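Structure first, commentary second.
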């Protein structure tokens, strides 16, 4: 599946209307600004340190730091950990405090100025190319990494050439040059490794701080993975060439020395990385996703043998990002152990499965969230991300997802549902065992911050927009803060049998007479049919089959990084404090008294302390968190809204006939044999709605993203206030 994202607005909400902002007391705003400044200063200093490190000036500063701090109980490893991993962990602590004091503040309206402002995070600078749609901020990040690598390689090469003695033979100079340059490429790769694991910590407090959801951050992991493995591969090749010239290739590869870098663990780590890298390229991933998925689990081998290869003090440079990933991974493991009730499961005629899953009342999410789903009858190892298709206002105790049948895994899921609905009487439980990780995603409901919305979807990409639409309708009905008044849905599908997905929301019952409060227009483009197979405007919406509901009272676990801020903060802080405590105990009572000096062994002990601190100290907090969750769940009312869900499902086929003729027939236009012309669409919108702020959400394949991004960039250049908020998602792995 192509990963997905939701960005902050390209242009701030500055039309003649209002924008919703967080309503906070003055002292809270002051505290948040102080925390922001502190985190930015720390982050900027951290990055600057990495930039100056390759220079001779940076090396001298580093040597002075090590000399001044290595006399502590933690030694050189503690010095390097504090210098290179400490800043990111301190930022994580400050982010915890920031999120706790931010809380869930009340939204209110705020007057905004007339002119739009440029936003780096979402302005599409690059549209077509190997990176896909790239924003201005992402271009800056890419350039910074390129400049750093070029600068580091150039600086190390110049210093190396200047240090080679004139008394050495050409062969000796060549060998020294290859080995030392290989060492430098390895150190550059190690600094890139510092960032590699940060984007894939799904519930990471750092991603929540900068409000970039995991679905979007994964592309940063992909970019960094390519760069890191390229550097490590060059690092290994330079050594292989040098050893071949020396005639000691096999001997050096198998060498595992106690003092210094151990070669064999490095070879094993590099081979594991190469397997992950080769199977991660798009052609291999699309042809055999299972191969990509299973080989990617070799990251454990890659990390452990890297620690054995370089020892504890060099591994400490990259330990911060790996530790944050380990925190997230353990929490996900604990959450995924719970079996989640499937309240209902349906197979729609268009080849889409709708699952309604149980959740506790205190599990929060928004309409742009997504979950990772496992069905144990299909696979114990495969987890698949799906956009949430329900609004949190639809009910306190359930969450819905729509799953397009695209490959083996989804076909087997649909087959199990059909088989169970035919063979199992309703008095017996259905044989489907689900586990869930998440929900993940933005914490701010950006779709509520624009008076004008354009929702562009491709195929099953309509799923998150159904949640957005439901969220808006509920908010309008309940009088909650909600700005949208003009909504245009542009939906491209291959065939007309997908159109019943629009009828999965009962708009009229959700918000009676909503057409008087919202200007809702839907343009559907059926690309592979030249004419309607049915009478114009009549869309079949019957359900082929449904499972009997299960009700064991087991909802999605609240043990998730994006869950309760205080508990997740305690989990991070206790694990980090436990790690420092274990390292101190190890140094005081074992390493220093017994003069342990073996590099690879100390590296193994270092990574063992990381794991033990998360499983032990962090696990203790997770256990308390679980008990708190059970206590809170026991206080919830015994009767939840799951029965209401089932009743609603029973009446949907009547309520949604012909796309709900009472309200939708007049607002929906279907175009057969055509694709959306976004230049014309945006031009018409600008003409009809005027010079106003427009939030644009995109959910679909890369070609759709590029088409919309081009037009957004064009209209932004012409000073037409159109804000792109991309939500990239393909909804299902092709399995």
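Numbering (our numbering), first residue to last: 5 to 739.
Just so you know, even glycine gets a beta-carbon here, dropped at the ideal spot from N, CA and C.
If you're wondering where the values come from, they're calculated on a predicted model, not measured in any experiment.
Requested in this report: Assign residue 151 to buried or exposed, taking buried as 16 or more other Cβ atoms, counted over all protein chains shown, within 10 Å of its Cβ.
Outcome: exposed
Query raised in the report: Quick one: is residue 456 buried, meaning 16 or more other Cβ sit within 10 Å of its Cβ, or exposed?
Result: buried
**Report entry** Three-state class that DSSP yields for residue 468 in the structure shown
**Finding:** helix
**Report entry** alpha helix (DSSP H) segments (min. 4 residues) lying fully within the stretch 121-186
**Finding:** Those alpha helix (DSSP H) runs which fall completely within the stretch 121-186 and span 4+ residues are 140-167.
Report task. Identify every run of the alpha helix (DSSP H) within the stretch 220-296, keeping only runs that are complete inside it and at least 4 residues long; order them along the chain. Result -> 253-257, 267-284 and 286-291
Query raised in the report: Which value, in whole angstroms, describes the spacing of the CA atoms of residue 147 and residue 403?
Result: 41 Å
Query raised in the report: Which term fits residue 517, buried or exposed, when burial requires 16 or more other beta carbons within 10 angstroms of its beta carbon?
Result: exposed
Query raised in the report: What does DSSP give as the partner residues of residue 446 in its beta bridges?
Result: Per DSSP, none; premise fails for residue 446.
Query raised in the report: Counting pairs of beta carbons, one from the stretch 466-482 and one from the stretch 384-404, are three or more of them closer than 8 Å?
Result: yes
Report task. Report the three-state DSSP secondary structure of residue 401 (helix, strand or coil). Result -> coil
Query raised in the report: Based on Cα-Cα distance, which residue from 51, 324, 255 and 384 lies nearest to residue 85?
Result: For the residues 51, 324, 255 and 384, the minimum Cα distance to residue 85 belongs to 324.
Query raised in the report: Between the beta-carbon of residue 307 and the beta-carbon of residue 328, is there less than 8 Å?
Result: no
Query raised in the report: Distance, Cα to Cα, residue 495 vs residue 699?
Result: Taking the straight line joining both Cα atoms gives about 16 Å.
Query - Close Cβ partners of residue 572 (< 6 Å) along its chain, the five nearest in sequence each way excluded - result: 565
Query raised in the report: residue 709: buried (16+ other C-beta within 10 angstroms of its C-beta) or exposed?
Result: buried
Query raised in the report: If you follow the beta strand (DSSP E) that residue 492 is part of, which residue opens it and which one closes it?
Result: In the DSSP assignment, residue 492 falls within the beta strand (DSSP E) that extends over 490-497.
Requested in this report: Give every residue of the same chain whose Cβ lies closer than 7 Å to the Cβ of residue 102, excluding the five residues on either side of it in the sequence, and list them in chain order.
Outcome: 36, 39 and 213
Requested in this report: State yes or no: is the beta carbon of residue 613 nearer than 8 Å to at least one beta carbon in chain D?
Outcome: Protein chain content of the structure displayed is limited to a single chain, and chain D is not contained in it.
Query raised in the report: Just the Cα atoms here: how many angstroms apart are residue 73 and residue 191?
Result: 21 Å
Query raised in the report: Taking Cβ to Cβ, would you say residue 332 is nearer than 8 Å to residue 438?
Result: no
Query - Cβ-Cβ distance between residue 515 and residue 489 below 8 Å - result: no
**Report entry** Length of the line joining the Cα atoms of residue 296 and residue 215
**Finding:** 28 Å
Query raised in the report: In the DSSP assignment, what residue or residues form a beta bridge with residue 703?
Result: 461
**Report entry** Simplified DSSP assignment, three categories, for residue 454
**Finding:** coil
Query - For residue 520, three-class secondary structure by DSSP - result: helix
**Report entry** Residue burial classification, residue 122 (beta-carbon count within 10 angstroms, cutoff 16)
**Finding:** With a pLDDT of only 49 at residue 122, under 50, the local geometry of the prediction cannot be trusted, and the value read off the model is given with reservation. Exposed, since its Cβ has fewer than 16 Cβ neighbours within 10 Å.
Query raised in the report: Under the rule that 16 or more other beta-carbon atoms within 10 Å means buried, what is residue 594, buried or exposed?
Result: exposed
Report task. Assign residue 600 to one of three DSSP states: helix, strand, or coil. Result -> Residue 600: coil per DSSP, three-state reduction.
Query - Residue nearest to residue 235 in terms of C-alpha spacing, selected from 194, 203 and 522 - result: 194
Report task. Return the Cβ separation of residue 436 and residue 351 in integer angstroms, given the expectation that the two are a contact with Cβ distance under 8 Å. Result -> That pair is no contact at about 13 Å.
Requested in this report: Go ahead and label residue 339 buried or exposed: buried means 16 or more other beta carbons lie within 10 angstroms of its beta carbon, across all protein chains shown.
Outcome: Under this definition residue 339 is a buried residue.
Report task. Apply the 10 Å Cβ neighbour rule to residue 576 and answer buried if 16 or more other Cβ atoms are within range, or exposed otherwise. Result -> By the neighbour-count criterion, in which 16 or more other beta carbons inside 10 Å mark a residue as buried, residue 576 falls on the buried side.
Report task. Leaving out five residues on either side along the sequence, give the residues of the same chain with a beta carbon under 6 Å from the beta carbon of residue 713. Result -> Excluding sequence neighbours, residue 713 sits near 128, 131 and 137.
Query raised in the report: What three-state label does DSSP hand residue 2 in the structure shown?
Result: With the chain covering 5 to 739 only, the question about residue 2 has no answer from this structure.
Query raised in the report: Rounded to whole angstroms, how far is the Cβ of residue 512 from the Cβ of residue 677, which I believe are closer than 8 Å?
Result: Not a contact, Cβ separation roughly 31 Å.
Query raised in the report: Leaving out the 5 sequence neighbours to the left and right, which residues in its chain are closer than 6 Å to residue 521 when beta-carbon positions are compared?
Result: 480
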